[in-house]
Amino acid sequence: HKQTRDLVCRGAGAEGPKVVGGERGTLRTPLDFYGTKIYAWERFSGKANGGQAAERVPYPAGYPATALNWPVTPDALYWGARFFHERYQKPIYITENGMASPDKSENTKIVDQIRIDYLRSHLEAMALSIAQGVDVRGYFYLSRRDNFEWNSGYATRFGVPVFPSQTQKLTLKQTGFWYR
Numbered sequence: 126h127k128q129t130r131d132l133v134c135r136g137a138g139a140e141g142p143k144v145v146g147g148e149r150g151t152l153r154t155p156l157d158f159y160g161t162k163i164y165a166w167e168r169f170s171g172k173a174n175g176g177q178a179a180e181r182v183p184y185p186a187g188y189p190a191t192a193l194n195w196p197v198t199p200d201a202l203y204w205g206a207r208f209f210h211e212r213y214q215k216p217i218y219i220t221e222n223g224m225a226s227p228d229k230s231e232n233t234k235i236v237d238q239i240r241i242d243y244l245r246s247h248l249e250a251m252a253l254s255i256a257q258g259v260d261v262r263g264y265f266y267l268s269r270r271d272n273f274e275w276n277s278g279y280a281t282r283f284g285v286p287v288f289p290s291q292t293q294k295l296t297l298k299q300t301g302f303w304y305r
């Protein structure tokens with residue numbers, strides 16, 4: 126954990142946080158668990174510049190993506206949980222995972238089958254990591270309600286329920302009924 130501490134405490138230079146008093150001891154306290162948010166992964170090739178640098182490999186046209194154009198990669202949950210478990214040898218908590226998708230109303234119901242498919246595939250990938258010995262203790266879907274995204278405001282929807290600011294009436298989407 127020294128590398129992380131050094132990055133945080135010294136890597137930012139004069140702009141970084143100041144470590145004072147007993148804080149240094151607190152920073153050295155061993156972890157009880159490792160928590161991480163995992164949404165998607167990027168693909169890289171190590172063949173750029175004659176093998177001297179990594180180069181991002183774009184996903185092919187038509188690859189499944191969220192409303193924010195993030196690739197839908199359930200294996201990120203499998204490999205991410207596995208990596209952090211192997212790296213830190215601690216229980217893992219997935220503190221954020223989810224997707225933005227368009228919602229549509231049908232007969233007073235909010236249909237979001239794409240989110241159900243996303244959630245199912247990601248939970249299956251995580252279950253596989255657990256079956257192979259990864260100690261995943263918790264999974265938190267983002268979000269209990271739609272949230273403000275800095276790059277798109279309230280135009281994208283992450284939430285399992287919808288909570289329109291105009292009516293303040295909480296309504297479960299199709300995903301909420303499936304997830305119960």
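First residue of the sequence shown: 126, per our numbering; consecutive thereafter.
The beta carbon of each residue, even a glycine, is placed where N, CA and C say it ideally should be.
Same chain, Cβ closer than 8 Å to F158, neighbours up to 5 away in sequence not counted: Working through the sequence shown from its first residue, we reach residue 158 at position 33. Cβ neighbours of F158 beyond the five flanking positions: K215, P216, I217, Y218, R262.
Y213: first and last residue of the uninterrupted beta strand (DSSP E) it sits in: Position 88 of the sequence shown holds residue 213. Premise fails: Y213 lies in the alpha helix (DSSP H), 200-213, not in any beta strand (DSSP E).
Every unbroken beta strand (DSSP E) within the region 245-285, with a cutoff of 3 residues, ordered by chain: 261-266
Beta-bridge pairing of G160 - partner residues as DSSP gives them: To locate residue 160, count along the sequence shown from 1; it is residue 35. Paired residue(s): Y218.
Opening and closing residue of the beta strand (DSSP E) in which R149 lies: By one-based count along the sequence shown, residue 149 stands at place 24. Segment 148-152 is the alpha helix (DSSP H) holding R149; no beta strand (DSSP E) there.
Assigned exposure category for H126 - 16 Cβ within 10 Å defines buried: If you number the sequence shown from 1, residue 126 lands on position 1. Low confidence applies to H126: its pLDDT is 49, below 50, so where it sits in the model is not reliable enough to give any reading.
For E231, the first and last residue of its enclosing beta strand (DSSP E): As a first step, residue 231 must be located in the sequence shown, where it is residue number 106. Here the beta strand (DSSP E) through E231 covers 229-231.
Limits of the unbroken alpha helix (DSSP H) element including Q299: Numbered from 1 along the sequence shown, position 174 holds the residue referred to as residue 299. Here the alpha helix (DSSP H) through Q299 covers 299-304.
Whether A256 touches L202 by CB criterion (8 Å): For the purposes of this step, residue 256 is identified with residue 131 of the sequence shown, where counting begins at 1. For the purposes of this step, residue 202 is identified with residue 77 of the sequence shown, where counting begins at 1. It is not a contact, given that the beta carbons lie outside the stated cut-off.
Close-in-space but distant-in-sequence residues of the same chain around K229 (CB under 6 Å, 5 per side omitted): For the purposes of this step, residue 229 is taken as residue 104 along the sequence shown, with counting starting at 1. Hits under 6 Å: V236.
Span of the beta strand (DSSP E), counted from its first residue to its last, around V236: Here residue 236 refers to the residue found at position 111 when the sequence shown is read from its first residue. Element bounds for V236: 234-236.
Nonlocal neighbours in the same chain, by C-beta distance under 6 Å from V94, ignoring five residues either side: A question about residue 94 goes unanswered here, because the residues of the chain that appear run from 126 up to 305.
CB of L295 within 8 Å of CB of F288, strictly: Residue 295 sits at position 170 when you count from the first residue of the sequence shown. Residue 288 sits at position 163 when you count from the first residue of the sequence shown. Yes, the pair counts as a contact, with Cβ atoms nearer than the cut-off.
Rounded separation between I163 and T220 - CA only: As a first step, residue 163 must be located in the sequence shown, where it is residue number 38. As a first step, residue 220 must be located in the sequence shown, where it is residue number 95. Going by the C-alpha atoms only, they are around 8 Å apart.
Three-state class that DSSP yields for G187 in the structure shown: Numbered from 1 along the sequence shown, position 62 holds the residue referred to as residue 187. It is coil, neither helix nor strand.
Supposed close pair Y279, D271 - CB separation, criterion 8 Å: Position 154 of the sequence shown, counted from the start, is the residue given in the question as residue 279. Position 146 of the sequence shown, counted from the start, is the residue given in the question as residue 271. Right, the Cβ-Cβ distance comes to about 6 Å (below 8 Å), so this counts as a contact.
Cutoff 6 Å; reference Q238; Cβ partners in own chain excluding five residues on either side: In the sequence shown, residue 238 corresponds to position 113, counting from 1. Taken in chain order, the list of residues that qualify is empty.
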